[in-house]
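**Q**
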Amino acid sequence: MRKFIRTAFLWGGFVLGAALAAAPTAGQHAPHGSSPLPKAPAPEEPPIRRTMEELHKSGGVPSGWKFQVPPGDAKAGREAFENFECYACHNVQGEKFPRRDPKPAEKGPDLTGMGANHPAEYLFESILHPNRVIVSDPGFTAKDGLSIMPSYNLALTLEDAVNLTAYLMSLTGGGHPSGGGHGGGHSQGGGQVQAAAPPAAPDGAAKGPFTEFQVRGGKLASGPKVLRVKQGDAVRLRFHADKETQIHLHGYNVERKAGPGAPAEMVFRARAAGRFPAEAHAGSDGGGHGHGAAATLFHLEVHPR
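Throughout the sequence shown, residue numbering follows mature numbering (1 follows the signal peptide of the UniProt record, and there is no 0), covering -21 to -1, 1 to 284 in sequence.
So, in structure tokens, the structure goes:
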């Protein structure tokens, strides 16, 4: 992660400030001869709409607002991880990165399963501002008491940081990205990686109404695109599918198979906070894992109480 960290600190203020200063102001067009700026992607959920007066009354941000990392490309994030040689300091179980044996003082934490333990915003900040939170454990802190991770702010682009975050969020158990064309639970070489056991339904989680989802052709036909709950809430999901489909909830590493006349249910307690994608994989390899192209059905958002 040595090369990987060379870009984070000044990036937020310097690059963003420069971009804002260079961008045309409202009502202006880009200079003649330059390419038009790409349109911002549509949000995965309805945008928050407030007047400026309402924002000022609520402290400058919408009530309950929280920074959210834009959706990234986990496959591109994996490529950035390799290009910046993050593997020189960080291990990711199940990945086939070049082998390195860093010195003890340069060895960073193992990133296997990182996406199941932290929300995207925390990982994003750790890339750009590694000294914001200091973890007082071996592999995190240097002799000077600050983070062992150097700054990559002069090398990373904004797109790199967003995609790296998506890649880290995809590491929910076996260490392989969920996005990038491989189903969860498979290593890059095709071997099986032991997935974490689905969480058992604790007392109280097994009772109550289900949130229903209809899946047709491997895509969400009905049901919420974003399901918001609080930490500690009981989560009860039921999936109906028109053909055999493997449903994988990343982060909580729960997989269930749904099919015609055979709905799948997921019942668990929301322990980890964050934003977790649920994907549909057509068919099954016989071992309980989906394969082929994955389509995101919805996101589970678990907010701190």
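Heads up, the beta-carbon is just placed ideally off N, CA and C, and yes, glycines get one too.
(1) Nearest to PHE277 by alpha carbon, out of GLY43, LYS222, ARG217?
(2) Can you tell me where the alpha helix (DSSP H) with MET148 in it begins and where it stops?
(3) Identify the continuous alpha helix (DSSP H) that holds GLY253 and give its terminal residues.
(4) Check MET245 in the structure and name its three-state DSSP category.
(5) Reducing DSSP to helix, strand and coil, say where GLY87 ends up.
(6) Are TYR131 and ALA53 closer than 8 Å when you measure CB to CB?
(7) With burial defined as no fewer than 16 other Cβ atoms inside 10 Å of the residue's Cβ, what is the status of VAL246: buried or exposed?
(8) Residues in the same chain with beta-carbon distance under 8 Å from ASN70, minus the five sequence neighbours each way, listed in chain order, please.
(9) Which of helix, strand or coil does DSSP assign to GLU280?
(10) Could you tell me the alpha carbon to alpha carbon distance between GLU100 and HIS35, rounded to whole angstroms?
(11) Once the 5 residues before and after ALA274 are set aside, which same chain residues still bring their CB inside 7 Å of it?
(12) What number of angstroms, rounded off, separates the C-alpha of ILE226 from the C-alpha of GLY51?
(13) Can you pull the DSSP bridge partners for GLU100?
(14) List the endpoints of the continuous beta strand (DSSP E) containing PHE218.
(15) Inspect the beta-carbon positions of PRO98 and SER126 and report whether they are closer than 8 Å.
(16) In this structure, how does DSSP classify SER126 when only helix, strand and coil are distinguished?
(17) Cα separation between ALA134 and VAL141?
(18) Quick one: using the 10 Å Cβ neighbour count with 16 as the cut-off for buried, is GLY6 buried or exposed?
**A** Let me spell this out:
(1) ARG217
(2) 137 to 149
(3) Not the alpha helix (DSSP H): GLY253 falls in the beta strand (DSSP E), residues 253 to 261.
(4) strand
(5) coil
(6) no
(7) buried
(8) ASP89, LEU90, THR91
(9) strand
(10) 24 Å
(11) GLY197, LYS198, GLU258, ALA259
(12) 21 Å
(13) DSSP lists no partner for GLU100.
(14) 213 to 220
(15) no
(16) strand
(17) 14 Å
(18) Since pLDDT at GLY6 reaches only 43, below the 50 mark, its modelled position is unreliable, and the value read off the structure follows with that caveat. Counting Cβ neighbours within 10 Å, GLY6 comes out exposed, since fewer than 16 surround it.
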